[in-house]
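Undergrad: Per this note's numbering: the sequence shown = residues 6 to 78. Heads up, the beta-carbon is just placed ideally off N, CA and C, and yes, glycines get one too. Below is a structure I'd like to ask you about.
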Amino acid sequence: MKKDIHPAYYQATVTCTTCGTSFVVGSTKKSINVDTCSHCHSFYTGKVNLNSKTGRIDRFNRKAAAAKKTESK
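Below, the structure written as structure tokens:
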């Protein structure tokens with residue numbers, strides 16, 4: 006194998022921005038930030054996150070109301 010061509014390998018700290026959980030993995034980066042992890046993702050926890058669904062429904066209802074308002078003019 007050739008010397009000095011391989012990237013440096015670190016013990017990277019992965020930090021979840023949603024729940025604040027952090028854990029250590031091997032990577033070529035020193036730190037990694039993720040939006041969701043296995044501790045807070047609904048697939049792994051079995052809980053449904055209503056906040057994102059509620060926001061989408063509200064946004065759809067606002068757009069539908071605005072569309073009706075422009076149709077009636």
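1) Kindly confirm or deny that the region 34-46 and the region 61-71 touch, where touching means at least three C-beta pairs closer than 8 Å.
2) Inspect the beta-carbon positions of Ala17 and Ser32 and report whether they are closer than 8 Å.
3) Alpha carbon to alpha carbon, how far is Val29 from Ala52? Give it in angstroms, no decimals.
4) Less than 8 Å between the beta carbons of Asp9 and Thr22, yes or no?
5) In angstroms with no decimal places, state the Cα-to-Cα distance between Arg67 and Tyr15.
TA: Reading from the atomic positions:
1) They do not touch, by the three-pair rule.
2) yes
3) Note that residue 52 is Lys in the sequence shown, not Ala. Those two C-alpha atoms are separated by around 25 Å.
4) Not a contact, by the Cβ cut-off of 8 Å.
5) 48 Å
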